[in-house]
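A short worksheet on the structure shown next.
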Amino acid sequence: MFKRNKYLVVAFGLLLASPACQGQTSAPAAKAKTSAPAQGATSQGGQYKNPLNVKFGDPYVLYDKASKLYYMYGTGGGAKKGFATYSSPDLVNWKNEGQVFYGNTPGSWDVKNFWAPEVYEVKGKYYMFYSADWRHNPTNELENFRIGVAVSDKPTGPFKNISDKPLFDPGYPIIDANVYFEPNGKMYLYYSRCCYKHPVESEVATWAKKTGLYQEIEESWIYGVELKPDFSGVIGEPVLLLRPPVKMNDAQSEWESRSVTSKEVNRRWTEGSYTFKHGDQYYMMYSANHFGGENYAVGYATAKSPLGPFKKATNNPILEKNTGKGGDVTGTGHNSIAFAPDGKMFCVYHGRTKATGDERVVFIDPMQITKDGKLVVEGPSTTPKPLPLSKK
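In the numbering used here, the protein residues as written are 1203 to 1594.
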């Protein structure tokens, strides 16, 4: 059985004693409903309180040196077949800048399900990497996601696709693009292979089948590959970097398998990666479990090179629901990092509360790397904290 959490043994016992689930369940195709733009502020008296007034899933924050503003991009936020952005001088009070990218236009490769945009400034241009369903779908796949790149002269758009085709086609659906820029000029793309039609043998899958829970368990895996300098494609073959544990006694298995063991869905995820370097270590943060459920959580892994091998951390998960500790935050995941001018790091992620219901909203909490190299996030929080850019 799983070794890290004794309560899972009880959970398995309850599942064995309950009537067997029938058939298999697939996760919903769409990641989020579009939402009305955020209004108002959440700061007062030098403090702020989560959640922020931004209704995004998969939030990504860019600091723009030219305007000295932070820009947040994400899934939803009022955008229709595309993406919106919000700007902020302080990471707390966000101004709606409207929709900055429109997809599903004549001649475009993308058609629907626009997810997880990330924007990078490169030589005065702003490049948006995002996921969407590919219009080219001769076999009518239910999930036909690929990654595209759009460019703009400003962080507020308008962004236009640089090609009428996806960035590349690995032969399977992919989402959640993240790019790491090496000082030597090399760039690396990280992405998640979708669970769709990707059943994987593991001890968890064997257990689920034996107990009558699910006939198979589909998984998503994180890959990395070098990018061409002009973002027109990739260099070489993608490298598998992270996947759910195969063994049930793996230290990561309990928390990464909760969507299966809680009967949410017959899938295990490794997605929403964010990679950065600290010292001589590469840190890759990632999310596991069903994005639409309460068990969505964040872990991380480290490596000595941008394409691994990555080793998962012993203190995972570093961000998860707090309902077991008297809080009301669930579904914490798909994060990015906002960097303050003084070097402090803040984890920006989406989650849910009892008040927001199924709506995903944005949280921001301090994070740090301890002297022994452990990554720690001070969240999820809903109590007042000093403003992120406070001088105190």
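Just so it is clear, CB atoms sit at the ideal spot from N, CA and C, and this is done for glycine as well. Since the model is a prediction, treat every value here as computed from it, not as a measurement.
So is the beta-carbon of residue i under 7 angstroms away from any non-hydrogen atom of the ligand ATP?
i, result
"lysine 1527", "No copy of the ligand ATP occurs in the structure displayed, which carries no ligand at all."
Assuming residue i contacts residue j (C-beta within less than 8 angstroms), just tell me the rounded distance between them.
i, j, result
"proline 1440", "arginine 1470", "No, proline 1440 and arginine 1470 are not in contact; Cβ-Cβ is about 20 angstroms, not under 8 angstroms."
"asparagine 1380", "glutamate 1320", "6 angstroms"
"valine 1402", "glutamate 1421", "4 angstroms"
"serine 1656", "valine 1294", "Because residue 1656 is not part of the residues shown, which for the chain are 1203 to 1594, the question remains open."
Quick check on this structure: which residue in the options has the alpha carbon closest to the alpha carbon of residue i?
i, options, result
"aspartate 1378", "Ser1333, Lys1327, Glu1345, Gly1350", "Ser1333"
"tyrosine 1328", "Gly1278, Leu1264, Pro1586, Pro1568", "Leu1264"
"methionine 1487", "Asp1312, Ile1520, Ser1464", "Ile1520"
"tyrosine 1551", "Pro1582, Phe1512, Tyr1425, Gly1309", "Pro1582"
"lysine 1546", "Pro1568, Gln1246, Glu1561", "Pro1568"
"lysine 1506", "Asp1452, Leu1443, Ser1365, Lys1556", "Leu1443"
"glutamate 1384", "Val1294, Pro1508, Asn1306", "Pro1508"
"tryptophan 1296", "Thr1532, Asn1518, Tyr1273, Asn1468", "Tyr1273"
"lysine 1282", "Tyr1382, Pro1308, Val1313, Lys1367", "Val1313"
What's the call for residue i, buried or exposed, on a 16-neighbour Cβ count within 10 Å?
i, result
"glutamine 1483", "exposed"
"lysine 1235", "Because the pLDDT of lysine 1235 is 37, which lies under 50, any placement of that residue in the model is unreliable, and the question is left without a value."
"phenylalanine 1433", "buried"
"threonine 1525", "exposed"
"glycine 1599", "Within the shown structure, residues of the chain are numbered from 1203 to 1594, placing residue 1599 beyond reach of any answer."
"phenylalanine 1541", "exposed"
"lysine 1514", "buried"
"glutamate 1580", "exposed"
"asparagine 1386", "exposed"
"glutamate 1522", "buried"
"valine 1564", "buried"
"lysine 1233", "Confidence at lysine 1233 is low in this model, with a pLDDT of 43, below 50, so the placement of that residue should be treated as unreliable; the coordinate-derived value is given next. Burial call: buried."
"lysine 1205", "For lysine 1205, the predicted structure reports a pLDDT of 37, less than 50, and the residue's modelled location is therefore unreliable. The matter cannot be settled from this model."
"isoleucine 1424", "buried"
"glutamine 1301", "buried"
"proline 1221", "In this prediction, proline 1221 has a pLDDT of 34, which is less than 50 and means its spatial position is unreliable; nothing more can be read from the coordinates."
"threonine 1585", "exposed"
"aspartate 1335", "buried"
Just to confirm, are residue i and residue j a CB contact at a threshold of 8 angstroms?
i, j, result
"isoleucine 1376", "serine 1394", "yes"
"aspartate 1260", "tryptophan 1317", "yes"
"arginine 1460", "lysine 1257", "no"
"leucine 1591", "glutamine 1249", "no"
"leucine 1577", "tyrosine 1485", "yes"
"glycine 1553", "phenylalanine 1493", "no"
"phenylalanine 1303", "glycine 1326", "no"
"valine 1436", "phenylalanine 1370", "yes"
"serine 1455", "valine 1500", "no"
"phenylalanine 1347", "asparagine 1298", "no"
Secondary structure, alpha helix (DSSP H): runs of 4+ residues fully inside the stretch 1364-1445: 1405-1412
Quick one: which unbroken alpha helix (DSSP H) runs of 4-plus residues sit fully inside the stretch 1455-1513? Chain order, please. 1455-1458, 1460-1463
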